Amino acid sequence: MSARGKARRRALDILFEAEARGEDPLKVLAERLERAEPPVNEYTATIVEGVCRHRSRIDELITTYAEGWTLDRMPAVDRNLLRGGTYELLWMPDVPEGVVISEWVSLASELSTDESPQFVNGLMARFKQLKPSLTL
1 MSARGKARRR
11 ALDILFEAEA
21 RGEDPLKVLA
31 ERLERAEPPV
41 NEYTATIVEG
51 VCRHRSRIDE
61 LITTYAEGWT
71 LDRMPAVDRN
81 LLRGGTYELL
91 WMPDVPEGVV
101 ISEWVSLASE
111 LSTDESPQFV
121 NGLMARFKQL
131 KPSLTL
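Below you can see the structure in the form of structure tokens.
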């Protein structure tokens with residue numbers, strides 16, 4: 001797994017843990033940075049901070065385009081995969097869109113349900129297609 005791939009997975013871990021604990025992801029991130037065991041990559045922090053900064057817009061987009069699914073009904077891991085992936089896809093223009101989608105779909109394949117990779121891929125591909133028209 002690439003350094004950025006590991007950073008994405010760590011960001012997902014932090015986002016998921018924060019939700020499971022009912023805490024602010026920035027608090028969990030700060031705990032991980034302080035503990036530094038394992039070390040937290042700068043890219044991990046960038047994703048977690050970006051998701052927190054744009055969370056309301058990200059959740060609005062997911063809710064709008066995830067046909068037949070509400071945020072509450074999605075598996076928690078999928079919800080957080082989509083948050084991380086959507087942030088990276090829409091707010092980090094230096095990362096190739098295809099790489100972003102592929103990496104987050106790969107995490108879905110590894111960590112979630114059998115249907116999750118297709119779901120994550122479809123929604124993120126839709127965001128890629130709509131990106132020029134989305135107000136960020």
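Throughout the sequence shown, residue numbering follows full-length UniProt numbering, covering 1 to 136 in sequence.
Cβ atoms here follow ideal geometry from the backbone N, Cα and C, with glycine treated the same way.
None of the values given here were measured: they were computed from a predicted structure.
Rounded to whole angstroms, the gap between the alpha carbons of Tyr-43 and Leu-12 is 12 Å.
Ranked by Cα distance from Lys-131, the options Asp-114, Glu-67, Thr-86 and Thr-46 are led by Thr-86. A distance below 9 Å separates the beta carbons of Glu-19 and Ala-76. Annotated as distal: Val-95 and Arg-9, with beta-carbon spacing of 9 Å or more.
Here Met-92 carries a coil assignment [DSSP, helix/strand/coil]. Residue nearest to Ala-66 within the set Glu-103, Gln-118 and Cys-52 is Gln-118 (criterion: CA-CA distance).
Around the Cβ of Ala-36, a 10 Å sphere holds fewer than 16 other Cβ atoms; the residue is exposed.
In the assembly as shown, Leu-81 is a buried residue. Its beta-carbon has 16 or more other beta-carbons within 10 Å.
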